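Comments concern the structure below.
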Amino acid sequence: MKFELPEEHGLSDLALEHLVFKEDEQYSLSDAQFAALEAGVGRGESVLTVSPTSTGKTQIALWGLANGVETGCFTVYLVTHRALAKQKFEDFKSLLLPTLLEGDKSSLVIATGDYVEDAEGNLPRDPLSSRVLVATYEKYLALLSASGIPTDMRNTVVVCDEIQLLGDLHRGQSVEVLLTLLKNAGWKQFVGLSAVLEEKDSAMLANWLDVSLVVSHTREKHLSYECWNSNGMGVCNTANPDEIIENIPLPVGADLSPLSAVATLLKEPSPPVPIIVFCMKKQDTYDLAKSFVDNYLNPPQGQLSLAFEDLPETSANQFLSQVIEHHVGSHSADLTDEEREVVERRLIENKLDVVFATSTLAAGVNFPLGAAVFADWKRWNANMRQYVPIDQAEFHNMSGRVGRMGFEHEVGRVIFFSRSPGDTFAARQYLNLGKLLSLESRITPSRFEQLSLQLIASGLCTSRDSLIHLICSTLSGLREQDNNNANFSTWPETLKIGVSSLYQKGLLLETSGGNLIVTPLGKAIAFSGLLPDTGINLLNYCIQKVQVLTTCLSNDEQSRDDDKFAFLIASSCFASPEFKAFNGQQPTRFLPWPLGKQAIIDPSAHVGDLYESMWQADVSPTNGAKLTLDWISGTELRALEGSLPSLTAGMLNEMFRNLVWAMQGLSSIIMSATDSRVPVLNRPLALRNDEQLLNQLRQLPRAIRRLSYRISEGLPDDILWMTSLSKIENVQNFRLSRIEILALRNLGYHSPEQLMLGTPEADLARLTAFQKVKPTPHNKANWLRDACRDWKVSQRQKASERQIERASRYSLNQLFHNYYDKRGGEFEVAFEELLTTLGIQFEKLDDKTKTGAPDYLLKLLNSPEIVLELKSKQGDKMNSHRVSRH
9 MKFELPEEHG LSDLALEHLV FKEDEQYSLS DAQFAALEAG VGRGESVLTV SPTSTGKTQI
69 ALWGLANGVE TGCFTVYLVT HRALAKQKFE DFKSLLLPTL LEGDKSSLVI ATGDYVEDAE
129 GNLPRDPLSS RVLVATYEKY LALLSASGIP TDMRNTVVVC DEIQLLGDLH RGQSVEVLLT
189 LLKNAGWKQF VGLSAVLEEK DSAMLANWLD VSLVVSHTRE KHLSYECWNS NGMGVCNTAN
249 PDEIIENIPL PVGADLSPLS AVATLLKEPS PPVPIIVFCM KKQDTYDLAK SFVDNYLNPP
309 QGQLSLAFED LPETSANQFL SQVIEHHVGS HSADLTDEER EVVERRLIEN KLDVVFATST
369 LAAGVNFPLG AAVFADWKRW NANMRQYVPI DQAEFHNMSG RVGRMGFEHE VGRVIFFSRS
429 PGDTFAARQY LNLGKLLSLE SRITPSRFEQ LSLQLIASGL CTSRDSLIHL ICSTLSGLRE
489 QDNNNANFST WPETLKIGVS SLYQKGLLLE TSGGNLIVTP LGKAIAFSGL LPDTGINLLN
549 YCIQKVQVLT TCLSNDEQSR DDDKFAFLIA SSCFASPEFK AFNGQQPTRF LPWPLGKQAI
609 IDPSAHVGDL YESMWQADVS PTNGAKLTLD WISGTELRAL EGSLPSLTAG MLNEMFRNLV
669 WAMQGLSSII MSATDSRVPV LNRPLALRND EQLLNQLRQL PRAIRRLSYR ISEGLPDDIL
729 WMTSLSKIEN VQNFRLSRIE ILALRNLGYH SPEQLMLGTP EADLARLTAF QKVKPTPHNK
789 ANWLRDACRD WKVSQRQKAS ERQIERASRY SLNQLFHNYY DKRGGEFEVA FEELLTTLGI
849 QFEKLDDKTK TGAPDYLLKL LNSPEIVLEL KSKQGDKMNS HRVSRH
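Everything in the sequence shown is counted per the working numbering, starting at 9 for the first residue and increasing by one.
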């Protein structure tokens, strides 16, 4: 530790007051923090900091952000996972919002694959222009691509946390592309952070980024690594990483099982709680937790925990309700986001002694962990068909969650096991604390086609030569040149082949001068994030089945079939190259594995309309579509889990999240392909000379987006509007849950007019839906009644504002002002003026001589005639229009 600041540290008085830790009125810095300040991070210099976990790297990032905010720059903090983005966003609310951001909630924004919003809960107009943006790597790349990646970003401070993600098998390419684009565009300051970069890779990465390298091997809180085996244990401590002490006797009564190790730790005079038990399989997080409670705690039968009472019932939270009051938890991807929050909150509040978890709890999020026990350190490799050891980087990143700064444990303990002679060599590699695996190159020829389309669509490359230059100058390109120059020499030709393929698919155009221009369809596919083959295949499916799909959306009640539409669109997305291997290319997303075990639906009635007519060969897409249909019909998660053995709510939520993303991409692709402003020759070949087909296709994007919103909320269409009520500000901070919305619908209350009623029946319905609300449901019931009234008023106000704004472009805004402002007979006059100005033919039906006669007959082109009755608000009574079709 250093108890002083380096000279010329560059930090402002505000940063010194709020962003530097003090101990007994003295500044207290870790060695890594001191070195980063010496390198100029506080003065705006760019650095790559590589130091162990728990050395205060987040604070280094904050100093870079502070410098950017104070100098009027945009700043972005990039993270690896949604959970980590959410935690940093919450941290910055307390650290930066009241100080550097002067309480301006719109200046702090979070952007993940799930949502984009500011600290006030609103959707920002331009997330990239926020003063502080917290984002996942892929989401930031998508935001940049969608707006056209700037060629000059010298007004932006970029922080890259866990930068070793660029070596990840599945995500590394996107991260490296992003870094390459940022590097070419320049930056005001770059701050990279990592705990597990190997020394040679650190130097190479810093060199490539052209930033200063700051390396510190000192942990402020040390870790003791213990490999338990039949001869005792081998121990190595980060305080002296080169020394391994062998054959130390195991604690009395301990054996080579994770539960025995946990029990031994809990018996110590000062137990290092909470203890995390890392499991390589999700099922082990349940089985080991139950076994520990039953065999080591042996509690009397107690009452189930109420911690999950307000959440939808799932198999996971039913299990957790049995063990969590015994200070034992479980954490994995099987849990929903809300369930994870309950477990994580209990960890932070020191209400858990032991948590059995997969690596989901090791994604950079800070918890007060005192010890880690690895139940196993081998994971199933589907390609090799065997269990293989996790690499050293992952092992040390997981174990590094223990003994972090800011928590009371002096030394963190990491325990793992070597249970057979065959395990000895692999297990001992983890005691070699200085050895880490090298980064793997993730930009490879297999994905050149998608990468080329993204780069050309974003405007970064405009010719084959510029494309070749950029991709060959990536970190992967330079590494390939050093390691395998013969293979690297084939990259230019492979890239040219990829460009030719994109041209043949109608995604690119090439001028006689060699300029590459992305077509509107190509741009839509590039910005969607979908694979080119996914975008093209799904568009072709919609073209081929447009008659079927539009019939499902028909206004004719006998022909309309919303469920069939949802089933066909969902199953087509799940069967696309995004989820299924195609032409030798691996998918980017994966369906829950239990979906492929057995069919839960026979889609034979739709077989001629399916994306894949041979559905029997792989039942997972149709199974996924069936579960999606059940979900948006209001089926509870617990019931969906019971559809197939081993299916969990966490798997389902991830599947629905991926489907929403794919549908939104498909909607944008269809909109682009059918845009009437696009020259005919720039359209896909099948859409060039068929206006009827174009008109039919134009009906799909809005319906697909509406469907994607239903899936994100899990609600039938008629009650989807209720989700807007949760966005209405209220003192009590009431929000409607999916369970409550469905309960109201089941009670027969699904419209705002019904829910705002003050009748005894309506009061009873609201109280029944909120019966679990503590301490009493009455306040929330009253809020709902009033919120529906406010919502009706706000919807009308928003509609009027939108229409008046649009009308102002054509100097018609006064007509619309009159329409919304007038009452009684003047309202009819204003309405007739609008119809006349817009050239809409109408017939006035009500001559004031017939009681109850409707007001107007509207005659619209290519539409059934519409009978319309006008109503306007009189006093406090709100009436609505009545419309019917002939």
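Here a beta-carbon is modelled for each residue, glycine too, at the ideal position from N, C-alpha and C. Remember, it's a predicted structure, so these values are computed and weren't measured experimentally.
**Item:** S338: first and last residue of the uninterrupted beta strand (DSSP E) it sits in
**Value:** V336 to H339
**Item:** Nearest to L538 (by Cα), restricted to the options S497, I505 and E457
**Value:** E457
**Terminal residues of the alpha helix (DSSP H) in which V801 lies** = H786 to S816
**Asked** Is DSSP giving F300 helix, strand or coil here?
**Response** helix
**Request:** Scan the region 38 to 109 and note each continuous alpha helix (DSSP H) run of 4 residues or more that stays entirely inside, going in chain order.
**Result:** 39 to 46, 65 to 78 and 90 to 103
**Message:** Quick check: L213 and L546, are their CB atoms within less than 8 Å of each other?
**Reply:** Their beta carbons are not under 8 Å apart, which means L213 does not touch L546 by this criterion.
**Request:** Thinking T293 and H339 are a contact (beta carbons under 8 Å), I'd like their distance in whole angstroms, please.
**Result:** In this structure T293 touches H339 by the C-beta definition: roughly 7 Å separates them, less than 8 Å.
**Message:** Taking DSSP's pairing of strands, which residues face W236 in a bridge?
**Reply:** M241 and F425
**Asked** What is the rounded straight-line gap between the Cα of L73 and the Cα of V84?
**Response** 8 Å
**Asked** Going straight from the alpha carbon of I171 to that of A401, what length do you get?
**Response** 13 Å
**Request:** Pick out whichever of E873, E769 and V222 has its Cα sitting closest to the Cα of G48.
**Result:** V222
**Prompt:** What is the residue span of the alpha helix (DSSP H) that G180 lies within?
**Reply:** Its alpha helix (DSSP H) spans residues G180 to A193.
**Request:** State whether the region 156 to 168 contacts the region 459 to 467, with contact taken as three or more CB pairs (one from each stretch) at a distance under 8 Å.
**Result:** yes
**Item:** Where E488 falls, given that 16 or more other Cβ within 10 Å makes a residue buried
**Value:** Buried, since its Cβ has 16 or more Cβ neighbours within 10 Å.
**Asked** Where does G658 fall in DSSP's three states?
**Response** helix
**Nearest-angstrom Cα separation, counted from L149 out to C2** = Given that the chain is displayed from residue 9 to residue 894, the structure contains no residue 2 and the question cannot be resolved.
**Asked** According to the Cβ coordinates, are R472 and G530 closer than 8 Å?
**Response** no
**Request:** Following the continuous beta strand (DSSP E) through K879, name the residue where it begins and the one where it ends.
**Result:** Run containing K879: none; DSSP gives neither H nor E here.
**Prompt:** Is the beta carbon of V362 sitting closer than 8 Å to the one on P282?
**Reply:** yes
**Request:** Identify which residue in G673, Y818 and L645 has its Cα closest to the Cα of N661.
**Result:** The shortest C-alpha separation from N661 is found at L645.
**Message:** Can you tell me where the alpha helix (DSSP H) holding T326 begins and where it ends?
**Reply:** It is Gln, not Thr, that sits at residue 326 in the sequence shown. Taken as a continuous stretch (DSSP letters only), the alpha helix (DSSP H) holding Q326 covers S323 to V331.
**Cutoff 7 Å; reference A297; Cβ partners in own chain excluding five residues on either side** = V331, V336, S338 and F364
**Request:** Could you tell me the boundaries of the alpha helix (DSSP H) in which Y148 lies?
**Result:** Segment Y145 to S155, the alpha helix (DSSP H) holding Y148.
**Request:** Within the same chain, show all residues whose beta-carbon is closer than 7 Å to that of N690, passing over the 5 residues directly before and after it, in chain order.
**Result:** T527 and P528
**Prompt:** Who pairs with F535 in a beta bridge, going by DSSP?
**Reply:** None, per the DSSP bridge assignment.
**Message:** Restricting to Cα atoms, I'd like to know which of A324, P135, L708 and S684 is closest to E699.
**Reply:** S684
**Prompt:** Quick one: is R774 buried, meaning 16 or more other Cβ sit within 10 Å of its Cβ, or exposed?
**Reply:** buried
**Request:** Would you kindly work out how many angstroms separate the C-alpha atoms of G592 and D541, rounded to a whole number?
**Result:** 12 Å
**Asked** T897: buried (16+ other C-beta within 10 angstroms of its C-beta) or exposed?
**Response** Because the chain in this structure spans residues 9 to 894, residue 897 falls outside the shown range and cannot be described.
**Item:** C-alpha distance - D122 paired with T88, whole-angstrom precision
**Value:** 14 Å
**Message:** Taking only three categories from DSSP, how would you classify I525?
**Reply:** It is a strand residue.
**Asked** In the DSSP assignment, what are the bridge partners of C168?
**Response** L86 and G200
**Asked** Does DSSP classify W669 as helix, strand or coil?
**Response** helix
**Message:** Taking 7 Å as the limit between beta carbons, can you name the residues of its chain near G896, skipping five residues before and five after?
**Reply:** Any answer about residue 896 is impossible in this case: the structure gives the chain only from 9 up to 894.
**Prompt:** Taking Cβ positions, are F316 and V270 nearer each other than 8 Å?
**Reply:** no
**Asked** I think I749 touches M730, with their Cβ atoms under 8 Å apart; what is that distance to the nearest whole Å?
**Response** 5 Å
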